[in-house]
Amino acid sequence: MVVGMGHGQIWVQAVTLVILYIITFAAILVFLVLLWTPLFLPISVIFGPAGPLGYVLTLYANAQFFTTMIVNSHLATPLLDYTIASLMGIHIEYKRHNPELVEPEAFSAYDVLTVLRLVMSVAVMVVLVTIPILGPVLLMFVMNVKFSYDFYERFLILRGLNQVQRRDVFYQHILQFAYFGGSYTVLNFVPLFSVWGFVCYPLAIKMWATSNIIHFTAEEVESITE
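In this text, residue positions in the sequence shown follow the numbering used here: the first is -11, and each later residue adds one.
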């Protein structure tokens, strides 16, 4: 994060994401207040002074979690791709997607497993967010571990590693991704720190790639270490 202070491109990303974070966080917080306050605030009063405080912290934690999930998973991906490619000297080819819907040619068990995994993830999310304070924090940690790997996977995809190779990299470095996810979870409680940590991920990816050059070809190693 300190190294990123000397990169102008990182500052441009930071300003852009701060604007996105503020707008998204405010919209989600207003939505949760209108949705939850009539039901949960009267119940929280039963637990004394700590009840309303716990309710406020739960609102904040959930709003922060959903903001992070939306911004980091969708809105910031083009920015990250561009910065990673710029830092690593990778050329990105933008392709136009075909909007026409077609029937699948063959049945795929992988598609079924993907749907089941998505359903299970949503079920776990619904359960965790109902646990005051601790639930959203645990969910935020799990999602941040996923985010951290997703960011590094963007680089691996740009480098042409197939799915099996990327999976092997994940399992070989799972403790590193857990550390990154845990660190980012702590930063999430101070939104400006979390934004800065997020936009510095491309720099971390370059350092990580440099220390894990065994996964790349000689030409790729040369471009990484330039």
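Glycine is no exception: its CB is placed at the ideal position from the N, C-alpha and C atoms.
Reference residue i; option with closest CA among the options
i    : options                : result
K134 : Y159, F165, P30, Q153  : F165
T12  : P40, N50, L163, V130   : N50
V216 : V44, F53, N150, R155   : Because the chain here runs from -11 to 214, residue 216 falls outside it and cannot be looked at.
L20  : T46, L8, I10           : T46
N132 : I162, Q151, N150, L149 : I162
W267 : V3, A15, Y43           : Here the chain has residues from -11 to 214 only, and residue 267 is not among them.
M57  : F158, V152, V125       : V125
A15  : Y48, L175, Y159, P40   : Y48
Y159 : Y140, L175, F177       : Y140
Proximity of residue i and residue j at Cβ, strictly below 7 Å
i    : j    : result
M128 : T55  : no
L17  : V59  : no
R155 : L144 : no
G169 : S136 : yes
Backbone secondary structure at residue i - three-state DSSP
i    : result
G148 : coil
F246 : Residue 246 lies beyond the stretch modelled for the chain, which goes from -11 to 214, so this question has no answer here.
CB contact below 7 Å: residue i versus chain C
i   : result
Y43 : Protein chains in the displayed structure number just one, and chain C is not present.
Any non-hydrogen atom of the ligand COA closer than 6 Å to residue i Cβ
i   : result
T25 : This structure does not include the ligand COA; it has no bound ligands of any sort.
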